[in-house]
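The sequence shown runs contiguously to residue 423 in my numbering.
What follows is one structure encoded as structure tokens, with my remarks underneath.
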Amino acid sequence: MKVLLIGSGGREHAMAWKLAQSSKLTELFIAPGNAGTADVGTNVNIGVDDHDDIVKYALDENIDLVVVAPDQPIVDGLCDQLRQAGVTTFGPSAAAARIEGSKIWSDNLMTKYGIPTAESEPFSNSGVAMEYGHTKPEGSLVVKADGLAAGKGVIIPETYDDLDTAIVGMLDHGAFGESSSSILLAERMSGPEASVFAFVNGEHVSAEVASCDYKRAGDGDVGLNTGGMGSYGPPEFWTPELAAQVRKDILEPAAKALVAENSSFSGVLYAGLMITEAGPKIIEFNCRLGDPETQILMPMLQSDFLEICLAVAENRLSETTVEWSTKPHTFVVAVSDGYPGSYDTGVEITGIEAAEDHGVVFHAGTASNDDKLVTSGGRVLGVTGLGDTIKDSRDAAYAGIDEISFEGMTFRRDIAERAIQD
Ligand code: AMP
Ligand code: GLY
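Written out as structure tokens, the structure is:
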């Protein structure tokens, strides 16, 4: 089969790496890809937002399956456009992707179908929002942009002043453009967080898998929000009972609710959860695989990823086995100095081969320059370690990271640390 994967990050390198292991694959193309995806397939110079060019390429090259990885093209309807052109496609419709693309739509869905989440109110007028906010205890609300905001659309204010600033910034000053022309004020929850993933075809939900990601730049979860600094899984608190509860109370009802709302889901459903004292609750749903979770999920997936994607695209997921390893995996990301602020690119990277003795190296912001590997982004690459214990997997990932070097390379040193019992 000829497969075209859409995207360019570390998530996409991990997906390409796994697709390339399928005996069904004859040729893999990645648009636009990175230097890592070029090792397992052929990069195609088309951007993820160039929908017409993607459809044309798929038709001209007789692509058998397109796999769409990032949120923006999914929310903008790329999967619908591909299917309308007759191309077999893995990824949800724009209607189903509203579960990620509009936090207000998603919250209404959860409320209507009794899926546990933070109590939330939508607003489009800043005065009304501030008035409501001041009826709640100081520091008890979070402010969320309605639309996609590159993972930065949530503000957690500690004081009424900060709350007002966040509301005015989003609603009156367009902090996230159109995406923040409406907002949600949500009850602030607390507890450990988990990212849970399952393949979904209508009401059918595959076996699920859980992981944890690290969003903040600095050790101890300080500093700015990033695209993700590392991940590990399965989480130490992820018991069979909790998994069964999440399946019964969240994943299966969400799949059913989407069908009932004429927005049947086809793809990967990502439940961002907080395990509160009152049980697991949704922080947000996403309509795709997570980054950097995918860099452990693909090594954990025991089944043929291409076969699963094809089965979902052909609406026969229930006939396919989805099996996940329960062995611990840890993924650590190396970033350019200054990230998520400004940083240099074009810096030479060395040590990849030595790192591969310890784990799997997944590229994100890398490019080839003559015969050198150079940085081309803030999150440059990462290493996934596998072990019999979470400590072993963590040691393997860090041993790999220690082999890699580029000027200004930084990384968090506490990925998966909290999961290790002394
Ligand atoms: P999101 O962009 O929705 O993934 O949110 C980013 C982060 O904000 C989450 O990982 C949580 O740590 C935090 N967050 C979002 N919503 C809430 C909430 N209702 N209560 C507490 N923390 C939240
Ligand atoms: N891991 C966060 C995300 O993919 O949105």
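Using N, Cα and C, we set each Cβ at its ideal position, and we do this for glycine too.
Proximity test, residue i beta-carbon vs ligand 1 heavy atom, cut-off 7 angstroms
{"i": "K57", "result": "no"}
{"i": "A151", "result": "no"}
{"i": "G273", "result": "yes"}
{"i": "V143", "result": "yes"}
{"i": "E285", "result": "yes"}
{"i": "V223", "result": "no"}
{"i": "K1", "result": "A query on residue 1 cannot be resolved here, the shown segment of the chain reaching from 2 to 423 and no further."}
{"i": "A244", "result": "no"}
{"i": "V155", "result": "yes"}
Residue i - containing beta strand (DSSP E), residue span
{"i": "C213", "result": "V210 to G219"}
{"i": "D262", "result": "The amino acid occupying residue 262 in the given sequence is Glu; Asp does not appear at that position. Looking at the DSSP string, E262 is not in any beta strand (DSSP E), and its letter there is neither H nor E."}
{"i": "G268", "result": "S267 to T277"}
{"i": "F198", "result": "E194 to N202"}
CA-to-CA distance, residue j to residue i, given in whole angstroms
{"i": "G48", "j": "G8", "result": "8 angstroms"}
{"i": "L307", "j": "F363", "result": "19 angstroms"}
{"i": "L259", "j": "W18", "result": "31 angstroms"}
{"i": "L186", "j": "T166", "result": "13 angstroms"}
{"i": "E120", "j": "A151", "result": "23 angstroms"}
{"i": "H14", "j": "N263", "result": "33 angstroms"}
{"i": "S141", "j": "V197", "result": "25 angstroms"}
{"i": "I100", "j": "T322", "result": "25 angstroms"}
{"i": "R413", "j": "L298", "result": "20 angstroms"}
{"i": "E204", "j": "K257", "result": "5 angstroms"}
{"i": "T346", "j": "M301", "result": "32 angstroms"}
Assumed close pair residue i, residue j - CB separation to whole angstroms, cut-off 8 angstroms
{"i": "A365", "j": "R395", "result": "In fact, because the Cβ distance is near 20 angstroms, the residues do not count as touching under 8 angstroms."}
{"i": "I75", "j": "A96", "result": "So it is not a contact: roughly 11 angstroms between Cβ atoms."}
{"i": "P424", "j": "L164", "result": "Missing from the structure shown is residue 424; the chain here goes from 2 to 423 and no further."}
{"i": "E285", "j": "A244", "result": "Actually they do not touch by this definition, with Cβ atoms about 19 angstroms apart."}
{"i": "P293", "j": "G229", "result": "4 angstroms"}
{"i": "E433", "j": "K3", "result": "What is shown of the chain runs 2 to 423, which leaves residue 433 out entirely."}
{"i": "Q303", "j": "S319", "result": "At roughly 18 angstroms, the Cβ-Cβ gap does not stay under 8 angstroms, so Q303 and S319 are not in contact."}
Residue span of the alpha helix (DSSP H) that contains residue i, given as start and end
{"i": "S182", "result": "Premise fails: S182 is in no alpha helix (DSSP H) and is neither H nor E."}
{"i": "L60", "result": "H52 to D61"}
{"i": "M230", "result": "Careful: M230 lies outside any alpha helix (DSSP H), inside the beta strand (DSSP E) at V223 to G234."}
{"i": "S9", "result": "Unbroken run through S9: none, as it is neither H nor E."}
{"i": "K392", "result": "I391 to E404"}
{"i": "D94", "result": "Note that residue 94 is Ser in the sequence shown here, rather than Asp. Taken as a continuous stretch (DSSP letters only), S94 belongs to no alpha helix (DSSP H), as it is neither H nor E."}
{"i": "P134", "result": "The question names Pro, but residue 134 in the sequence shown is Gly. S127 to G134 is the extent of the alpha helix (DSSP H) around G134."}
Contact test: residue i Cβ vs ligand 2 heavy atom, cutoff 7 angstroms
{"i": "D292", "result": "yes"}
{"i": "D165", "result": "no"}
{"i": "S196", "result": "yes"}
{"i": "G268", "result": "no"}
{"i": "D61", "result": "no"}
{"i": "D214", "result": "yes"}
{"i": "G229", "result": "yes"}
Cβ contact (3+ pairs, closer than 8 angstroms) linking the stretch 330-343 and the stretch 216-225: yes
Between the stretch 264-274 and the stretch 82-93, are three or more C-beta pairs nearer than 8 angstroms? yes
Mind the definition here: the stretch 345-358 touches the stretch 377-392 only if three or more C-beta pairs lie below 8 angstroms; say whether that holds. yes
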